[in-house]
Ligand code: AP5
């Protein structure tokens, strides 16, 4: 299965992608993780991305698409993948369809995790305390949420309009949300 996971910062994409990876036996590809690895390795790309990420903005479409294409062509996605953090705007959504079309691996479904803003802020504040991720500061979180509303929310409509969207309530225990996702992926039993 080729699954695209959508949702605001803190909605649980990374948390659920880890579970889905085990369940579906496919790689979890996170553009946030790929970028953080480049920052950590202090590559040229990582240096360019660092400042943007810490402010809560989006890294350039060109950089992220190049990185994603490299990752998708490493040869381990024959059984599918869980893509987390991409696409984040309509240009990326179109670029992804084109890339996956070229690779003969079109996305099967996009799963949108729905969580209200107040809870997103509470979760990210909790992670800021526990892990100290640079972009979990209150100012960066505000910016990330605004970027989500302005640039990423239209991507949800993109998948809805192309008949590939499943919306899942992302409020509740991690396992509870996971069970909801799995139920969405299960084929509907035929009646009669
Ligand atoms: P990215 O790493 O993708 O961050 P994000 O989308 O902001 O998402 P988060 O990792 O904050 O949240 P999540 O939805 O994965 O939730 P999580 O499971 O971690 O991107 C970071 C940055 O990289 C971007 O801002 C941008 O600069 C750049 N970037 C990445 N992709 C890009 C792209 N395509 N184009 C351009 N730039 C890009 O959970 C959050 C917290 O909540 C955790 O502490 C978790 O334990 C907790 N939690 C999760 N689920 C639950 C639950 N059910 N109950 C209670 N707690 C929960």
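In my numbering, the protein residues as written are 1025 to 1216. C-beta atoms are modelled at their ideal positions from N, C-alpha and C, and glycine is treated no differently. This one's a predicted model, so the numbers in the text were calculated from it and none came from an experiment.
Let me know the secondary structure DSSP gives residue i once reduced to three states.
i            : result
residue 1106 : strand
residue 1136 : strand
residue 1020 : Because the chain here runs from 1025 to 1216, residue 1020 falls outside it and cannot be looked at.
residue 1193 : strand
residue 1129 : coil
residue 1082 : coil
residue 1185 : helix
Compute every distance between the C-beta of residue i and the non-hydrogen atoms of the ligand AP5, then say whether any falls below 8 Å.
i            : result
residue 1039 : yes
residue 1147 : yes
residue 1055 : yes
residue 1161 : no
residue 1203 : no
residue 1070 : no
residue 1083 : yes
residue 1135 : no
residue 1183 : no
residue 1178 : no
residue 1138 : no
residue 1036 : yes
residue 1123 : no
residue 1114 : no
residue 1022 : The requested residue 1022 does not occur in the structure, where the chain is confined to residues 1025 to 1216.
residue 1198 : yes
residue 1111 : yes
Can you name the start and end residues of the beta strand (DSSP E) that residue i belongs to?
i            : result
residue 1073 : Careful: residue 1073 lies outside any beta strand (DSSP E), inside the alpha helix (DSSP H) at 1068 to 1079.
residue 1054 : 1052 to 1054
Start and end of the alpha helix (DSSP H) containing residue i?
i            : result
residue 1154 : 1141 to 1155
residue 1162 : 1162 to 1171
residue 1159 : No alpha helix (DSSP H) contains residue 1159, which DSSP labels as neither H nor E.
residue 1041 : 1037 to 1048
residue 1199 : 1198 to 1209
- Message: Below 8 Å, how does it come out for the segment 1052 to 1061 and the segment 1088 to 1106: are there three or more Cβ pairs, yes or no?
- Response: As far as the Cβ criterion goes, the segment 1052 to 1061 touches the segment 1088 to 1106, which means the pair count is three or higher.
- Touch test, the segment 1178 to 1185 against the segment 1098 to 1106, Cβ-Cβ under 8 Å, three pairs minimum: Between the segment 1178 to 1185 and the segment 1098 to 1106 there are fewer than three inter-stretch CB-CB distances shorter than 8 Å, so the stretches are not counted as touching.
- Query: Would you call the segment 1027 to 1035 and the segment 1143 to 1153 in contact, with 3 or more CB pairs under 8 Å?
  - Reply: yes
- Query: Do three or more CB pairs link the segment 1157 to 1171 to the segment 1069 to 1085 at distances below 8 Å?
  - Reply: Short answer: they touch.
- Examine the Cβ distances between the segment 1120 to 1137 and the segment 1188 to 1198 and report whether three or more of them are shorter than 8 Å. yes
- With contact counted as at least three CB pairs below 8 Å, one residue from each stretch, are the segment 1065 to 1074 and the segment 1047 to 1054 in contact? no
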